[in-house]
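Asker:
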Amino acid sequence: MISIYNEEVKAYLKFIDDQNPLHTYIVPGQMIVQMALENQRLYWTSFRVKYIESIEIGEQISFFMSDDDTLVVSNQNDILKIKIIKV
Numbered sequence: 000m001i002s003i004y005n006e007e008v009k010a011y012l013k014f015i016d017d018q019n020p021l022h023t024y025i026v027p028g029q030m031i032v033q034m035a036l037e038n039q040r041l042y043w044t045s046f047r048v049k050y051i052e053s054i055e056i057g058e059q060i061s062f063f064m065s066d067d068d069t070l071v072v073s074n075q076n077d078i079l080k081i082k083i084i085k086v
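Taking numbering that gives the first Met the number 0 as reference, the numbering of the sequence shown is continuous, increasing by one, and the terminal residue is 86.
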């Protein structure tokens, strides 16, 4: 399990020049997708993302493959947050 904290989110938002006020308490979805793919060492060139629930700053999350073409992000309560599907 990992947690993403405010400092990491602020650095990411500055890098991509994102000023969305929601990201003061919610981790940007694309940031999570990038972290999940890197964590699992996946180099997919084409994929779809299904955002199911937002991830709050400091929330514990984990990444796992539910099958060969689906990477899942869930929280400490096993609540599904994001599905990344190879296309």
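Yeah, the Cβ is synthetic: ideal placement off N, Cα and C, and Gly gets one too.
1) Would you identify the three-state DSSP class for Thr23, choosing helix, strand or coil?
2) Using DSSP with H/G/I as helix, E/B as strand and the rest coil, what is Ile54?
3) For Met0, which residues in the same chain have their Cβ closer than 8 Å to its Cβ, ignoring the five residues on either side in sequence?
4) Could you tell me the alpha carbon to alpha carbon distance between Lys49 and Lys80, rounded to whole angstroms?
5) Using a Cβ-Cβ cutoff of less than 6 Å, which residues in the same chain neighbour Gly28 once the five nearest sequence positions on both sides are dropped?
6) So, Ile83 versus Phe46, is the Cβ gap smaller than 9 Å?
7) Would Ser73 and Phe63 be called neighbours here (beta carbons separated by less than 9 Å)?
Answerer: A quick look at the data gives this:
1) DSSP places Thr23 in helix when its eight states are reduced to three.
2) Coil at Ile54, not helix or strand.
3) Excluding sequence neighbours, Met0 sits near Gln59, Ile60, Ser61 and Gln75.
4) So the two alpha carbons sit approximately 9 Å from each other.
5) Tyr50, listed in sequence order.
6) Against a cut-off of 9 Å, the Cβ pair of Phe46 and Ile83 comes out as a contact.
7) Cβ distance < 9 Å, so Ser73 and Phe63 count as in contact.
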